[in-house]
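Read through the structure below, which is laid out as C-alpha cells, and then see the notes.
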Ligand SMILES: [Ca+2]
Ligand SMILES: [Ca+2]
Ligand SMILES: [Ca+2]
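Residue numbers (my numbering): 182 to 442.
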C-alpha cells in the first residue's frame, strides 16, 4: 500500500493497522509487518518466504450469465473463501394444489421454494399429461411459485417439479402430487361443465339444446347421465329427471359413475 500517495491506502493503514511509522511494510495482508523499516534484507526475505508457505483457504468462484436481449448481458459472480461458492438447493417437496377437478379448466399448483444460498430459482413442471414447461422464473427463494395448468382429458396424473439455482445446480424431480381429473365430480347434472359444478336451469337449457337443437355435447357422458342408467345413455329420460329435480321436488341427480367416462 502506498499510503503517502493514495488516500484509501492511508485510511486502511490508519484505521486497520494502527499505523506507527514510516516506512512500514505489511506483507500478505498484514500477516507479516515491519514497522519503521528493517535494517537488513534477511528478515524481509524470511517474512516473504513465510508468507509464501502460509496455508490459505482456496477461493472458489462461479460466474453465471443471463442474456437480457438487446445486446445486454448480466454477469453474476459468487465467491467462496474456503467454502464452495455455491450450494445446491435440496430436492423440493411435492407440489400442492387441488387433487380432484374437471378437465378444460385451469388449475393452480404451488411449488414451495427453498435455497440455502437464497439464490432465486428457475422451476420446471411436469404435469404428467405430456405437458412439461420450459424453465420458468426466476422466483425468489423462500416463497411460492404458482403454476396454472389445464388438463384436456379425464384420468389420473402425477405432478412434479424441479428447480435450478442458476449457478449450475439442478435438483432431482420432487415427489409427486397425484391428481384425478374427472369430468363428473360427485354428482351428475352439471351438463354445461361450469367450474363450480352447479346444477341449475342453465344445465337444463344446455341439455335441451344438445338433445333437440344440435347444440354442443355435455362435457362428458358421466356428468350428463342424470338418471344414472347403466348404459350411460344421454336422452330424454335424463332431461325429465332433471326437470323433476329442479322444479318438482324430485330426487337429486345420480352420483357420478366413472365407468361412463
Ligand atoms: Ca445455490
Ligand atoms: Ca352447471
Ligand atoms: Ca341416462
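Idealized CB from N, CA, C, for every residue including glycine. Please read these numbers as outputs of a predicted model, since none were measured by experiment.
Going by beta-carbon coordinates alone, are residue i and residue j separated by less than 7 Å?
| i | j | result |
| --- | --- | --- |
| residue 266 | residue 242 | yes |
| residue 344 | residue 352 | yes |
| residue 340 | residue 282 | no |
| residue 321 | residue 301 | yes |
| residue 247 | residue 253 | no |
| residue 271 | residue 292 | no |
| residue 369 | residue 404 | yes |
| residue 388 | residue 372 | yes |
| residue 335 | residue 442 | yes |
| residue 324 | residue 303 | no |
| residue 310 | residue 338 | yes |
Among the options, whose alpha-carbon lies nearest the alpha-carbon of residue i?
| i | options | result |
| --- | --- | --- |
| residue 297 | 275, 348, 314, 315 | 348 |
| residue 294 | 285, 355, 396, 383 | 355 |
| residue 380 | 291, 191, 326, 406 | 406 |
| residue 427 | 390, 384, 394, 223 | 384 |
| residue 137 | 422, 259, 205, 438 | There is simply no residue 137 to check, as the chain begins at 182 and stops at 442 in what is shown. |
| residue 439 | 421, 410, 423 | 410 |
| residue 141 | 273, 416, 435, 234 | Any question about residue 141 goes unanswered here, given that the chain covers just 182 to 442. |
What distance in whole Å lies between the Cβ atoms of residue j and residue i, which are believed to be in contact at a cut-off of 8 Å?
| i | j | result |
| --- | --- | --- |
| residue 413 | residue 364 | Not really, about 12 Å apart at Cβ, beyond 8 Å. |
| residue 285 | residue 331 | 6 Å |
| residue 208 | residue 222 | With 8 Å as the limit, residue 208 and residue 222 do not qualify as a contact, their Cβ atoms being about 14 Å apart. |
| residue 280 | residue 359 | 7 Å |
| residue 378 | residue 386 | Residue 378 to residue 386, Cβ: 17 Å. No contact. |
| residue 425 | residue 418 | Their Cβ separation, rounded to whole angstroms, is 10 Å, which puts residue 425 and residue 418 out of contact at 8 Å. |
| residue 392 | residue 420 | 6 Å |
| residue 263 | residue 239 | 7 Å |
Label residue i either buried or exposed according to how many other C-beta atoms from any shown protein chain fall within 10 Å of its C-beta, with 16 as the threshold for buried.
| i | result |
| --- | --- |
| residue 305 | buried |
| residue 196 | exposed |
| residue 432 | exposed |
Residue list, Cβ distance to ligand 2 heavy atoms smaller than 5 Å: A residue is listed when its beta-carbon falls short of 5 Å from at least one non-hydrogen atom of ligand 2; in chain order these are 371, 373, 375, 379, 384.
Could you name the residues, in chain order, whose CB is less than 7 Å away from a heavy atom belonging to ligand 1? Ordered along the chain, the selected set is 267, 268, 269, 270, 296, 297, 298, 300, 346, 348, 350.
Who sits around ligand 3, taking every residue whose Cβ is closer than 5 Å to one of its heavy atoms? Listed by chain position, these are 406, 408, 410, 414, 419.
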